[in-house]
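Numbering (the numbering used here), first residue to last: 41 to 252.
Ideal Cβ positions, reconstructed from N, Cα and C, are used throughout, including at glycine.
Model, not experiment: these values are computed from the prediction.
Encoded as structure tokens, the structure appears first; notes follow it.
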């Protein structure tokens, strides 16, 4: 059940990346955030209620709420025009807590690929904090690309492999994920430099229309 939710996390991250890049209308993107946010709240609630007091299963399910609340917050905020500072500072909370889940994945679950994936999410939600909480609008294009790419790398592809039974070779997968993230996100920085400079010289936009 959690793997199905992961698939749609990938979809909403891809959608929101396109939203930040100006390819998706904010209000239409908001509706999909509400769909996935509801799924990501109902899924861990079900998993926790059926865990029969197993603390390991409860711990594994609990992290899903971090993202479910993000998408609900984003969807509602986009629809009614909320200032982004609230979701921005909530994203800082998620970024910090995600480091803890990464540690748990590495050291308790011995799930090295998801230890790396939690680091991906921590980095992305920290970008949301900078963009939405601190209003660093020059990061919009960079964050949009990182969001869209993470939708596939941390959501759609892992979910597809897990659902089809092809999620194998965890050590090699973790190394490949780590190397990919460092290389691609570092390369994106200079590639989006012109866009950041154009944003920084433009008149203030007032608010950024989306995260996650």
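Helix, strand or coil for residue i? Go by DSSP, reduced to three states.
| i | result |
| --- | --- |
| residue 89 | helix |
| residue 121 | coil |
| residue 250 | In this prediction, residue 250 has a pLDDT of 42, which is less than 50 and means its spatial position is unreliable; nothing more can be read from the coordinates. |
| residue 242 | Because the pLDDT at residue 242 is just 44, under 50, the model does not fix this residue reliably, and the point stays unresolved. |
| residue 232 | coil |
| residue 114 | helix |
| residue 71 | helix |
| residue 76 | helix |
| residue 64 | coil |
Short of 7 Å in beta carbon distance, which residues of its chain neighbour residue i, apart from the five on each side in sequence? Order them along the chain.
| i | result |
| --- | --- |
| residue 211 | 152 |
| residue 241 | Residue placement at residue 241 is flagged as unreliable, the pLDDT there being 48, under the threshold of 50; a coordinate-derived value is accordingly withheld. |
| residue 225 | 186 |
| residue 46 | 195, 198 and 199 |
| residue 83 | 41, 42, 45 and 104 |
| residue 173 | 125, 128, 129, 131 and 132 |
Could you spell out where the alpha helix (DSSP H) holding residue i opens and where it closes?
| i | result |
| --- | --- |
| residue 97 | 95 to 102 |
| residue 130 | 125 to 147 |
| residue 47 | 42 to 60 |
| residue 167 | 152 to 168 |
Cutting at 6 Å between CB atoms, please list the residues of its own chain near residue i, excluding the five before and the five after it.
| i | result |
| --- | --- |
| residue 88 | 98 and 101 |
| residue 161 | 138 |
| residue 108 | 77, 80 and 81 |
| residue 61 | 184 |
| residue 165 | 131, 134 and 135 |
| residue 113 | 127 |
Give me, in chain order, the residues of the same chain whose beta-carbon lies closer than 8 Å to that of residue i; leave out the 5 immediate sequence neighbours on both sides.
| i | result |
| --- | --- |
| residue 192 | 50 and 54 |
Within 10 Å of its beta-carbon, does residue i have 16 or more other beta-carbons around it, so buried, or fewer, so exposed?
| i | result |
| --- | --- |
| residue 229 | exposed |
| residue 95 | exposed |
| residue 92 | exposed |
| residue 203 | exposed |
| residue 171 | buried |
| residue 90 | exposed |
| residue 115 | buried |
| residue 222 | exposed |
| residue 158 | buried |
| residue 127 | buried |
| residue 206 | exposed |
| residue 208 | exposed |
| residue 176 | buried |
| residue 182 | buried |
| residue 189 | buried |
Any heavy atom of the ligand PLP closer than 6 Å to the Cβ of residue i?
| i | result |
| --- | --- |
| residue 44 | As presented, the structure is devoid of all ligands, the ligand PLP included, so that no description of it is given. |
_Runs of beta strand (DSSP E) wholly within the stretch 172 to 228 (minimum 3 residues, chain order)_ = none
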